[in-house]
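Enquirer: Here numbering that gives the first Met the number 0 is used: position 7 in the sequence shown is 6, and no number is missing along the way.
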Amino acid sequence: MTQKPGGDPGQQAPGKQPATPPAGHEGGPPPVPLAVVGVGASAGGLDAFKRFLQAVPAQTGMAYVLVPHLDPSHESLLVELLARHTPMPVSEAEEGMAVEADRVYVIPPSRYLAIGEGRLRLSAPPESAGHQTAIDFFRRSLAEAYAERAIGIVLSGTGAHGTPGPAGHQGAGAAGHRPAGGAGRPGCSGTRVGAGVLDGRGGLFHRHPVD
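(1) What is the residue span of the alpha helix (DSSP H) that Arg-83 lies within?
(2) Among the residues of its own chain, which have a CB less than 6 Å from the CB of Thr-85, if the five just before and after it don't count?
(3) Taking the straight line between their C-alpha atoms, what separation do you get for Phe-137 and Gly-151?
(4) On the three-pair Cβ rule with 8 Å, is the region 27-36 touching the region 67-77?
(5) Are there 16 or more other CB atoms within 10 angstroms of the CB of Glu-94, so buried, or fewer, so exposed?
(6) Would a C-beta distance cut-off of 8 Å place Pro-88 and Arg-102 closer than the cut-off?
(7) Could you give the distance in angstroms between the alpha-carbon of Leu-154 and the alpha-carbon of Ala-47?
(8) What residue range is occupied by the uninterrupted beta strand (DSSP E) comprising Gly-151?
(9) In this structure, does DSSP put Leu-112 in helix, strand or coil?
(10) Within 10 angstroms of its Cβ, does Gly-37 collect 16 or more other Cβ (buried), or is it exposed?
(11) Straight-line CA distance for Lys-49 to Thr-59?
(12) On the CB-based measure, 16 or more other CB atoms within 10 Å of its CB, does Leu-112 come out buried or exposed?
(13) DSSP state of Ala-57, grouped into three classes?
(14) In whole angstroms, what is the alpha-carbon distance linking Ile-106 and Ala-123?
(15) If we ignore side chains and look at the alpha-carbon of each, how far apart do Ser-75 and Pro-108 end up?
(16) Could you give the distance in angstroms between the alpha-carbon of Gly-161 and the alpha-carbon of Leu-45?
(17) Under the three-state reduction of DSSP, which class applies to Leu-77: helix, strand or coil?
(18) Rounded to the nearest angstrom, what separates Ala-144 and Glu-79 at their Cα positions?
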């Protein structure tokens, strides 16, 4: 399902539609992203996602994959809600979907998301995931697939959310953006900063190598 910018925010798409290439790329190969940005959030993450997308320019040459904590028993409306806050096309991730520059992808409910060879891969949550959340699962695959072209961000989260991501892979890039107050929840994002992987001091796209 793809929500086009400028559409009627009060009207929900009747069903999943094939992703539409950004304007200017019809008939040609899809634009390969310079980097892939994995953005995670848990409780209270909707407002943080909105602020993040409002701050991101429309043409950075990067792709953005959003991995919020979703209620598995409810259909997600994030695509429609977030499309109002960015000129970039926003799509719900589908199996085998190509990852293109200047697009936003949102994980669907009740799925784990991975990335490899330029495509998104969906799977059922593992029966015994331990402490590995959907956020951690995606960020690990992102670091393995894109190395220095992988950027990881945790907007809100508690406990160990996001900690096992790019830090576990030598040469992987990382970035951090921590909204004031941790998206409204005490302790949010503190784990990643404390682990030395995220550093909010340099602004939205502060990036540094991870040993």
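Built from N, CA and C at the ideal position, the CB exists for glycine as well. Quick caveat: nothing in here was measured; it's all calculated off a predicted structure.
Expert: The relevant details are as follows:
(1) According to the DSSP assignment, Arg-83 belongs to no alpha helix (DSSP H), since it is labelled neither H nor E.
(2) Cβ-Cβ distances below 6 Å link Thr-85 to Leu-52 in the same chain, with the five nearest sequence neighbours on each side left out; the list follows chain order.
(3) So the alpha carbons of these two residues sit roughly 10 Å apart.
(4) Judged by Cβ distances under 8 Å, the region 27-36 makes no contact with the region 67-77, as fewer than three pairs qualify.
(5) It counts as exposed.
(6) Arg-102 sits close to Pro-88, with the two beta carbons spaced by under 8 Å.
(7) The alpha-carbon of Leu-154 is positioned some 6 Å away from that of Ala-47.
(8) Run containing Gly-151: 149-155, per the beta strand (DSSP E) assignment.
(9) Reduced to three states, the DSSP call for Leu-112 is strand.
(10) The residue is buried, with at least 16 neighbouring Cβ atoms inside 10 Å.
(11) One C-alpha to the other measures close to 17 Å.
(12) It counts as buried.
(13) For Ala-57, the three-state secondary structure derived from DSSP is coil.
(14) Roughly 12 Å separates the two Cα atoms.
(15) Spanning the alpha carbons of Ser-75 and Pro-108 requires a straight line of approximately 7 Å.
(16) With a pLDDT of 46 at Gly-161, under the threshold of 50, the modelled position of that residue is not reliable, and no figure is offered here.
(17) Residue state, collapsed to three classes: helix.
(18) If you draw a straight line from the Cα of Ala-144 to the Cα of Glu-79, it comes to about 29 Å.
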